[in-house]
Amino acid sequence: MSTLEAHKSEALQAISAMVQEVIGEEWVRETPITLETSFTHDLELESIELVALSEKLQARYGATIDFPAWLSGMELEQIIALKVGDLVDYIARCQSNP
Amino acid sequence: MTRRDGMDPRGAAIVGMACVFPKAPDLATFWGNVLAGVDAITDVPAQRWDPVFFDPASQSPDRFYVRKGGFIDEFADFDAGAFGIMPVAARGAEPEQLLALQCAAAALKDAGYAERDFPRARASVILGRGNYIGAATSRLINITRGAQQLVESLAILLPELGPEQLGALKREFQARCGVYGPDTAIGLVPNLLASRIANRLDLRGAAYTLDAACASALVAVDHACRELAAGTSDLVLTGGVHLCHDLVFWSVFCQLGALSRSERIRPFDRRADGILMGEGIGLLVLKRLEDAERDGDRVYAVLRGTGVSSDGRDVSLMLPSVEGQVLALERAWRSAGLEPATAGLVEAHGTATPAGDAAELETLRRVFGPADPARERSVLGSVKSMIGHAMPAAGAAGLIKAALAAYHGVRPPTLHCEEPHAALEATAFRTLPAPEPWEAPLRRAGVNAFGFGGVNAHVVLEAPGAARADFRAPVAEPSPAPAALLLAAEGPEALLAALDAGRSGGTGPCRIAVLEPTPARLASARKAVLAGHPRHGRDGIHFSPRGLLTDGGRVAFLFPGVEAGFEPDLAGLPERFGLEAPDLGGEGLAHQGAGVILLNHYLARVAAAAGLRADMVAGHSIGEWSAMIEAGLFDTAALQAFLAALEPSMLRVADLAYLAVGAGADRVDPWLEGVEGVAVSHDNCLHQSILCGPEAAIAEAARRLRERKVLCETLPFRSGFHTRALEGHVEGYLRHLDRLELRPAALPLWSATTCRPYPAGADEIRALFREHLLEPVRFRELLLALHGAGARAFVQVGTGSLAAFASDTLAGLPHLAVSLQAPRRGGLAQLQRACAALWVEGAEPDLARVGLAAKAARPLLRLELGVPMVRIPHPPLPRSGPRGLPAGLGEDPVLRSFQAALAELDAAGEEVLAAYAAQPTGAVPPVAGIPAAEGPPAGIPGPQPSAPAGPEALEEPLVVGLDRYPELLDHSLIPQAPGWPVAADRAPAAPMTLSIALLMEAAARFRPGRFPVAVERVAASTWLRADPPTETRLRCEALDADRIRVRIEGHVEGVVTLADRYPDAPGPSREGLGVLGEFPVPMEAVYRDGWLFHGPGYQGIASIDACGERGMRGTLRALPAKGALLDNAGQLLGLWVMHTCSSDQLAMPVRVGRIAFFGPDPVPGEMLECTVWVRSLGRREVRADLDLVRGGRLWARITGWEDWRFFTGGPIFDVMRQPGRYLLAAADPEGFTVLEDPGWTTATLEFLMRRFFSYAELEALGGLRQAQRRAEWMYGRIAAKDAVRRHLFQAGAGEVFPLEIGIASEASGRPRVTGRGEGLRVSIAHKPGIAVALAVAEGDPGVDVEEVAPRGEGFAALAFAPEELALLPGGDRDEWLTRFWCAKEAVGKARGTGLGGDPRSLRVEAVEAEAIMVSGSRVQTRRRGSRVVAWTVR
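Just so you know, the protein sequences line up as chains W and U, in that order. Throughout, this note's numbering is defined as the position within the first sequence, counted from one, plus 13. Throughout, this note's numbering is defined as the position within the second sequence, counted from one, plus 15.
Here you go:
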């Protein structure tokens, strides 16, 4: 497994756990979160919850990533279409090219 | 036999069907069971007949050798509310009447008549019903003969039992037998089976039952076809009904040996040894085929012919006769004009008795021909193999089965016929073990039903022909499946069971809602229940193991203000709720602000329509204005003021920018050190706050935050709201707000500026308006404060993020946050989600209205089909009446004397009550041996003998009117047409509890500084009317230091106790309510359908929590209207009376013994628990004690509350509730209306007259009292208005209120119709005790009524010429003289001339039966009791 892939796999696991914490509901534990899971459509994440997720990301990855900056580069439609995989890619990219 | 004249040669069409048979609550299940071969035979349920009667070895007439049969007990649920039948009447009626009524409604619905109408005037009900004993009659036999037999036997066996013990035992036995009394007796009359259907469904053709034993249903079908063929009916509801497993019935069949000893019913099997008894209801809606085609009905099958015969003088009354059966079959096929051999299916009588099967097979061989190897055998079946023998309903079961077989093209199986009868082989038939497609182009069938005593019936039917297959789609499509499964139960285990059963419904705090229930979702739902963790709907599942609102949790509505985006989605809402969507167009902040306010208001109306209620409201920024409006602080006119305040010119005031920050205000602060002019304007939640400041400073703040990797976003608008920068700019807004009139808030309104409820004083409120504009929005703290005040459900009423703010802030605390709007989800879809979420937590939205349930879940009344054994717990003790002694102690001399003392005490008590009732002042005279009136409440100094502190008496004027108390419009006694302009006609009046409040306030003014803690001996005499205002005087008079007698002259008085503090509250009473039952009317219908007449201002009953034989418990919401809370407590008592009594249900408070208060008045919006214990129920009054409990502590205790019951016999209750829908006068079939005075009391008369005459009309007559003296004249007017209303109803008018019709007098004296019905012509006649009226559309009518009295020859000679007298028929000469006279009067009125003092100006020319020709006009006459009525006919 390449470093990038290892980072991706780790990031997916971490994001799954954070999403579960943010949403705080039992069913998310039953529903596997994949790279294809959409934040808006599948998880119905509210914008406030995105903020809470952002906090958790910053807390875990610190200066390695700049989630707000990454988000602010997007149009609203992009944010709505955002998938877990997009975030995983971003994090893995940041970790591979610090 | 020749074909009947006039019959459509193609026959009668079955256009609708419904049934209840064992294991089949409805038609679809029945057909499914028939196809699947479900054996519906079970053991007899113990409540039908007690297992003690089963003894296969006994020959005794009361022991049975079989205990299996077909039973429908599990489906005996009756929707009493839907049919307007009160439960006591329902419990006492024969269950078959009610279940048949319900089934009839289902059959008509199946025919598509739930939505469209049909000619009810030409619709008949003809039902087969055996004259066997029903459950209710059987219970009555026990109550009458059984009870007496019991005590007489006991008296012989146990001579030591005294009359009291025996009396007590008898009463106990009778009470346990069931409900019976004058209110329920009518429900035992057998023909009511048909009549009740005609009555409740308003069918006006023939309505009767007939008995032809087991052939009854098909003989009824034969009658129905004749009705249609003769053209006397256009639609007939027919079929058979049999709900009878009475011991008597079983005994007869056991003694006859007709029951199967093997306990299996096997028609046409060689092992067949008898029947098993079934039961059920099978109904069909028939129309002439040509009419059905014209109306585009779905046709299941066409009845082509019917035949009926009797065996005549044949072998035996008991044995079937082949000759007789053949005759019926041949008649049916001949009347159809068809060849029997063309039948592809015969549904046999098939009783499975050896003699019956043998005879029927021989009949089939003779009629359908012998077996023919060249032809395929037809199919023979009997549904009795599945459901048992349903006796008079058996033919209906067979006919429904055969019709569905033809319709669907499937020939169904017959059970237990593995070894066919030897004679079957010789016939042209075979039986089927499994269903078989029936693909013949012509699907024709015959159905048999043969009865005891030799009555035989046969029906020939066929599938609607190919030419008819291209009809319109069935009109009775099932309503679209609701989009969700909603289940409630007491706990998780029960919920799991309900989930597995898959049927919505149930009650209890443990609830789940599954939206679009896919199998995967249902599996997930199951897991959720098993795990016991709540779900909040993200995956379409809402689940709460114990609803957050069940234990007093409250609902907060949150109204959003302006946010970054505004994309409302109202899709589906306007159509569903009939609420036009607001115009939200326009760009820019001003438009968006206005749009937000309009949208919030719209959604608040939607929420109300959906049955969502707030316990408290709050808003975010300008959303607080919405909260003010919805709390009732302003009326909705304020909307315009707010919108004006949002004019573009008023906005850009401070021109400051906003920055939304993804961090809480507390975290943001330190990072902004040194950035000038930036302030937190909104503290939204843990993870969001908003900064406001000049553009450059905001840009700097954003830079710093982004550096710290904090999300932030500049908002797309500018102003300066919620910062001090706006100071100096707010006057414009405040001007708009100051113009608005403040009203007391109806709901607790919370401020996001102070995080507390709004203050009460107008000045404080207006001061807060300013602060609200200048101070930050402290929404995060507000949410916590609301949670602290009990809010558990937070509902966002608008677009935006408030629900998310709540979830974020309250994470970890028990709460639910939902929004009525969500981006990209239709308005209705999101509303449904929100309602599902709230329902799961214990709210009660109108699930049907929002489309989550097919219809509102309504508690059904489970009818008892059997007569269970009465088992009295030992020892029997007296239940009521004079106190008795425990059995066996009767001889003890000490106890005897004690008993005598108790009896004396009872008598004395009665004396007190009688004296009390007789005293207009309510003062209690002292009675020897009884303590004087209750002392002061605990904690209050007793009455001081010293001089009262203050003046001795006070008198002041009092005016009660709508100016002062506009809410009294919601306490209007008389319903009128919507929009009726004259308030006085609605008779708004003060509830007695408003008077009580006025008495208490007066006492407090009389002794300033002290306050009322109790009021006693309240007695009301006349209504305190509000329009026109009542002007009277209020007098206070000190009785002693603490007690003030207060009197509102002419209306009400009472004694108020004053104190310096409230007494300590005793614990709430734990006394029970007796056996609990269901309150049958759903809460939302209680006010809507007029069970209680109160308008919104007095609609404070939030729920009925328990309903028992001795009282009721409910939850009350404190409302702002003065006296509303105690009035609501009284309403609970009123509902109990309606629930318990089937006549004289209207009860109004007149007296109260004492109300003690243990704390200050609840504020509007507070919820209280109220329990009513009924202490006595008399014919004319009912007395009760009530507790009102707030937060577990007693707030008020009421003893000796007394309601008077108003006479509401006959049509009166309906007319009182819904005067626009019901006639008071009786409608004679010939077209006239009759009003006879049954001796109404003044109070009843007043109620009625106010419904028929406007206030102005009554005043013109000199006031109500004066008008009552002209009773006959009034009756004439009522009869005339009802004649007109009947005419309008028949023309299809929905509601017509009597006041919408005027009856004026022309100069000639002829009455003239004005208002609605103008153009109709009426004639009125009245005599003492009776009035008659006739209304017609064309020509001039004349009507007269006269008492039949001895008429001397002088009268005859004066009134009639000799030629006329020569026409007098034989018989009662006085009656015929009266008829002649009436006829002349009627013609005189019709011509507008009257008799003009010359009765001989008109001449009787001829008499035909009861019709009389008078000078060329035809008059019909009728003897009616002691009178004659005559009316002109055209």
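Even for Gly, the Cβ is constructed at its ideal location relative to N, Cα and C.
C-beta atoms of residue i and residue j nearer than 8 Å
i         : j         : result
U/GLN189  : U/ILE156  : no
U/ARG1220 : U/GLU1245 : no
U/VAL693  : U/ILE713  : yes
U/GLY562  : U/GLU859  : no
U/ALA138  : U/ILE296  : no
U/ALA95   : U/ALA105  : yes
U/HIS1302 : U/ALA1350 : yes
U/LEU1335 : U/ALA1352 : yes
U/LEU1250 : U/LEU1239 : yes
U/VAL1402 : U/LEU1417 : yes
U/GLU582  : U/PRO838  : yes
U/ARG209  : U/VAL140  : As written in the sequence, residue 209 of chain U is Ala, which differs from the Arg given in the question. Cβ distance < 8 Å, so U/ALA209 and U/VAL140 count as in contact.
Close-in-space but distant-in-sequence residues of the same chain around residue i (CB under 7 Å, 5 per side omitted)
i        : result
U/PHE465 : CYS229, ALA230, PRO335, GLN340, HIS364 and ASN471
U/LEU658 : ALA609 and ILE612
Local Cβ density within 10 Å of residue i, reported as buried at 16 or more and exposed below that
i         : result
U/GLY461  : buried
U/VAL1424 : Note that residue 1424 of chain U is Ala in the sequence shown here, rather than Val. Exposed, since its Cβ has fewer than 16 Cβ neighbours within 10 Å.
U/ASN699  : buried
U/ARG1415 : exposed
U/GLU454  : exposed
U/ASN48   : buried
W/LEU100  : buried
Where residue i falls: helix, strand or coil (DSSP)
i         : result
U/LEU835  : coil
W/TYR103  : helix
U/TYR1237 : coil
U/CYS192  : helix
U/TRP1288 : helix
W/MET87   : coil
U/ASP125  : helix
U/ILE1293 : helix
U/LEU671  : strand
U/GLN74   : coil
U/LEU1161 : strand
Same chain, Cβ closer than 6 Å to residue i, five either side skipped, listed in chain order
i         : result
U/ALA491  : Note that U/ALA491 scores 31 on pLDDT, short of 50, meaning its location in the model is unreliable; the coordinates nonetheless yield the value given after this. So the qualifying residues of the chain are ASP125 and GLY127.
U/GLY1105 : ARG1232 and GLN1233
U/PRO1135 : PRO759, ALA761 and PRO1179
U/GLY1174 : TYR1077 and TRP1210
U/ASP1042 : LEU977, ALA998, ALA999 and PRO1003
U/ARG1292 : ILE1318
Beta-carbon contacts of residue i that lie in its chain and below 8 Å, excluding the five residues immediately before and after
i        : result
U/ALA633 : ALA571, PHE572, LEU573, PHE574, GLU639, ALA642, LEU764, TRP765, SER766, ALA767, LEU797 and LEU801
U/PRO966 : PHE1021 and ALA1053
U/THR357 : LEU457 and ARG459
Does the pairing of the segment 22-38 of chain U with the segment 80-98 of chain U give three or more beta-carbon distances under 8 Å? yes
Would you call the segment 836-856 of chain U and the segment 622-632 of chain U in contact, with 3 or more CB pairs under 8 Å? Flag = yes, the segment 836-856 of chain U and the segment 622-632 of chain U touch.
For the structure I just gave you, are there three or more beta carbon pairs, one from the segment 1136-1156 of chain U and one from the segment 1115-1124 of chain U, closer than 8 Å? yes
Do the segment 372-380 of chain U and the segment 217-225 of chain U make contact, defined as three or more Cβ pairs closer than 8 Å? No: fewer than three Cβ pairs fall under 8 Å.
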